[in-house]
Amino acid sequence: MVSAAYATKLLADLGAEVIKVERPGFGDASRHYGPFPGDEPDPENSGLFLYLNMNKLGITLDPCSDGGKGILKGLVSSADILVQNYAPPVAGEMGLCYPDLQETNPDLIMLSLSPYGGTGPYRDYKGYEINAASLGGVVMHLGLPERSPLNPPQMLGHYQVAVTGAMAVMIALVTRDLGGTGQHIDLAEADSWATFHAGVGIVQWLFGLRTTIRHGRRVRGGPYPNTILPCKDGEIRMQAMTKREWNRILEMMGDPEWGRDARFQDRLKMHELYADELDGYIGAWLKERTKGELSQLFYEYGVPFTPVNTIADFVNDPHLAAREFFVEMEHQRAGMMKYPGKPYQFSETPWEVRRPAPLLGEHNADVYCGLLGYDSRQLVKLRQSAVI
Amino acid sequence: MQPLPFERIRVLDFGWVWAGAVLGHVLADMGAEVIKVESRRRLDPARQGRPIIGDTPDPEQNPLYHNVNRGKMCVTVDISHAEGRRVVEQLASISDIVVENMSPHALAAAGLDYQNLRRVNPQVIMVSCPLAGQYGPRNELRGYGNAAGALVGLDSIGADPDGDEFCGFNHVQGDPSSSQYGVIAALAAFHHRLRTGEGQYIDLSMWEAVGTMMGVATMDYVMNGRIAAPQGNRHAFMAPHGIYPCQGDDMWVSIAVSTQEEWEAFRSALDSPSWAWEERFSDGYQRALHRRELDHHVAQWTSGMDAYEVMETLQRAGVAAMPCLNQEGRYFNPHLQARAAYVDVEHPVLGTEPLYGIPYKLSGTPGRIRRHAPIMGEHNDYVFGELLGLSAEDSRYLTEQKVLY
């Protein structure tokens, strides 16, 4: 729904020809997820699907049908990369098994995304995003003490594993460029959280630096401050790691008396022993100012604090507008719509929007006739027998 | 040992703190020769912090640094010196990829931005990945990984909807995510260079990288003007879907039930308690409507049990359940162990330490953690002497002048 689709979107945005294969009739689950304009469900108008599948061609195929198996083989032999996120037992049933596919195409790079991975004692266990985030540990960072840990919002785990997956695909692709062959990549959503995101915590715990997490506003450990405090009209996220930054904070606040207090010179101790008192001083100063005023002050003084934005602040941000981060695109059903855009800008090669997300089966004729060489009569037959 | 796929790639690494450093370690794990440039004049914040052994500050004891700089070499150069700049130019001339995440004008001030480096190496690929990118009205914005989450709305959406206090999204999303986007970009540029010989510059912003992950909330705002609010563990259509208390101190288990088939399996696994047969829990729509009452029943069932016992009971029935693991829990978890999520690496100061492993399992070229994170200046002799051909005398002189410092 999200993970495989986002991984291939990252490749499509950089120019790859991505053919999205969907189930005949129903299509990708994200077509049914929404959000929908006016909250009216329409599989051709789901915001999540439209975002994740721009720049792709779309075909329908039932790979488990008799005719479908041969078609899958044809598609695989023409592809550089195959991405799928079916649970390991299901992927096998569908014929998405690397050793078999590699016989068809020895240079094939195949990425398999799953909650727990294709090996290990939990490989056949059932899992959704919240379960992968639990095993990966990230839920223990989120929420309030004494209350339940929280699942990351916005299906972040699916996006996260997609980015890690696209990165692994690029590693495999460059490996192949340098003389290697194709290979299979097994990537678990839980592992993606447990390593890059929560992995540093293992040594910290083992050496007694940080044993507990999830303290509400404040992040424990490290130098003061690392917290969120309210201002006049919202919340401010505050983290400063270096002495230089701390000095700039004091300067911005008009060099207050307490800043020279002998207790407040070692910021590790300040965080451990005096954080409440210091939050009181800074909090009182913040309370008198709005997010807008503070943003300007933080920027002028080079203080690494930021306002806690809403999604509206994010979408309407003038800095992102100047960088043309959001992109606009016309879609048959949804009309002109704004989407999150480029995560990076290349000086010589494009990141570009070429086409909106496909309607269900929109490119069947192009792909089946143009790429695989079927004639229109065969296409009708495939459609009638529900293979496509 | 099997040769690694990227042994022909050399990376010049100005990445510091977290995001910038991850880029280099990912390439190092695959065999790239990554030369990290640091200076005692301005110590990497990831080398600072409370020492683990003794009381005096020691740049060799920070676990963050050890994780995100494994497999690299380290040289010390003060780039504010003209001679330091020349040394870096020489290094850039023999490198394939340059990585940095300083504020936008820092390298330009030292004459080491892309425009200058491409003069000594037209094929070089350079990735810059600070918070706000290279241009735009807020391009000098300072902030750490948490700031990216605040800017894109993660804090406003990730808080606890039923708590007494605002807690935000206190997981650092910015660094570990944006750095992986950086690797994608660097390798895409490298792939392009192999075919065309053309180098290029990549302007990556941590803010934007995390912003691309806000799909549903952005689209709902664009389509319906709705401003996303915290949902906690509520799911759009799954119920039960949540994190429930278990036996022990701060022990929890997550459970998610999607289809009717899963609900029936869940009910049987619990030995069919009478509440599970009530009309208000009979189908997905009803369960979502009465999720609070449902959660209450589920929590009552889990609270007497060990989290692993809940997992085994439910998974046996085909229902998704998983313990919520803190550091200790993850370190001892048999599945994460089987998948080498944490790998013991010998460090000369701290001894054996479990660094995070490589999550993507490449069947042909899996890569490996080649060595511990470097000691400050550990590879000055090799890099300046062998790679750049600097004489011992010149090297000593530049060290005394605090250029190689």
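Going down the list, the sequences are from chains U and A. In terms of our numbering, the first sequence opens at residue 31 and continues consecutively. In terms of our numbering, the second sequence opens at residue 76 and continues consecutively. For every residue, glycine included, the Cβ atom is placed at its ideal position computed from N, Cα and C.
1) So does the stretch 186-194 of chain U actually touch the stretch 213-222 of chain U, counting three or more Cβ pairs closer than 8 Å?
2) Let's see if you can read the secondary structure: which residues bound the alpha helix (DSSP H) around U:L375?
3) Decide yes or no for the touch test of the stretch 210-217 of chain A against the stretch 172-180 of chain A: beta carbon pairs closer than 8 Å, at least 3 of them.
4) For A:I172, which residues of its own chain have a beta-carbon under 6 Å away from its beta-carbon, when the five flanking residues on both sides are left out?
5) Got a sec: which bits of the stretch 254-267 of chain U sit with their beta carbon under 7 Å from any beta carbon on chain A, in order along the chain?
6) Taking the beta carbon of A:C321 as the centre, do at least 16 other beta carbons fall within 10 Å, making it buried, or is it exposed?
7) By the criterion of Cβ-Cβ separation under 8 Å, what are the contact partners of U:A218 in chain A?
8) List the residues that DSSP assigns as beta-bridge partners of U:M367.
9) Could you check whether A:V291 and A:P398 sit closer than 8 Å to each other, using their CB atoms as the reference points?
10) Closest to U:Y369 by C-alpha separation, out of A:F89, A:T293, A:Y417, would be which residue?
11) So A:R414 and U:T149 are in contact, right, with Cβ under 8 Å, and what is the actual spacing, rounded?
12) Per DSSP, which one or two residues make a beta bridge with A:Q275?
13) Please report how far the alpha carbon of A:T427 lies from the alpha carbon of A:R446, in whole angstroms.
14) From U:G68 to U:M367, what distance separates their C-alpha atoms?
15) Can you find at least 3 beta carbon pairs, one from the stretch 221-228 of chain A and one from the stretch 239-249 of chain A, that sit closer than 8 Å?
16) Under the DSSP definition of a beta bridge, which residues are partnered with A:Y431?
17) I need the DSSP call for U:I160, collapsed to helix, strand or coil.
18) What do you get for A:F509, buried or exposed, if any count of 16 or more other CB atoms within 10 angstroms of its CB means buried?
19) Please check the pair A:D370 and A:G317, which I expect to be a contact at CB under 8 Å, by giving their CB distance rounded to whole angstroms.
20) What residues from chain A crowd round U:D207, counting only those whose CB sits closer than 7 Å?
21) For U:W419, would you say it is in contact with chain A, using Cβ-to-Cβ distances shorter than 8 Å as the test?
22) Jot down the residue ranges of each uninterrupted alpha helix (DSSP H) in the stretch 173-222 of chain A, minimum 4 residues, whole runs only, in chain order.
23) Name the one or two DSSP bridge partners that A:R405 has.
24) When you compare the stretch 306-316 of chain A with the stretch 69-78 of chain U, are there three or more beta-carbon pairs, one atom per stretch, that lie closer than 8 Å?
25) Let's see if you can read the secondary structure: which residues bound the beta strand (DSSP E) around A:A344?
26) Taking A:E403 as the reference, which of U:G231, U:G313, U:I101 has the closest Cα?
27) Please classify U:G284 as buried or exposed, where buried requires at least 16 other C-beta atoms within 10 Å of its C-beta.
28) So is U:Q362 in contact with chain B if we call contact Cβ pairs under 8 Å?
29) With a threshold of 8 Å between beta carbons, is A:G218 in contact with chain U?
30) Report buried or exposed for U:A387, applying the criterion of at least 16 other Cβ atoms within 10 angstroms of its Cβ.
31) Return the CA-CA distance between U:T205 and A:F81, expressed in angstroms with no decimal places.
32) What residues from chain A crowd round U:Q269, counting only those whose CB sits closer than 8 Å?
33) Closest to A:A331 by CA distance: which of U:Y63, U:M31, U:Y155 is it?
34) Leaving out five residues before and five after U:H214 in sequence, what residues of the same chain have Cβ atoms less than 6 Å from its Cβ?
35) Restricting to runs no shorter than 3 residues, where is the beta strand (DSSP E) found entirely within the stretch 281-345 of chain U?
36) I'd like to know whether the C-beta atoms of A:W282 and A:L182 end up nearer to each other than 8 Å.
So, from the data block:
1) yes
2) The amino acid occupying residue 375 of chain U in the given sequence is Gln; Leu does not appear at that position. Unbroken run through U:Q375 is the beta strand (DSSP E), 374-376; no alpha helix (DSSP H).
3) yes
4) V86, I200, A261
5) I258, E265, R267
6) buried
7) R414, P434
8) U:M359
9) no
10) A:T293
11) 6 Å
12) A:I200
13) 12 Å
14) 14 Å
15) yes
16) A:Y417
17) helix
18) The structure shown does not extend to residue 509 of chain A, since chain A is modelled only from 76 to 480, so the question has no answer here.
19) 5 Å
20) H266, L269
21) No answer is possible for residue 419 of chain U: the residues shown for chain U start at 31 and end at 418.
22) 181-184, 189-195
23) According to DSSP, A:R405 bridges with nothing at all.
24) no
25) A:A344 -> not in any beta strand (DSSP E); alpha helix (DSSP H) instead, spanning 335-344.
26) U:G231
27) exposed
28) The structure shown contains no chain B; its protein chains are U and A.
29) yes
30) buried
31) 7 Å
32) G218, Y219, N221, A222
33) U:Y155
34) Y128, M140
35) 335-337
36) no
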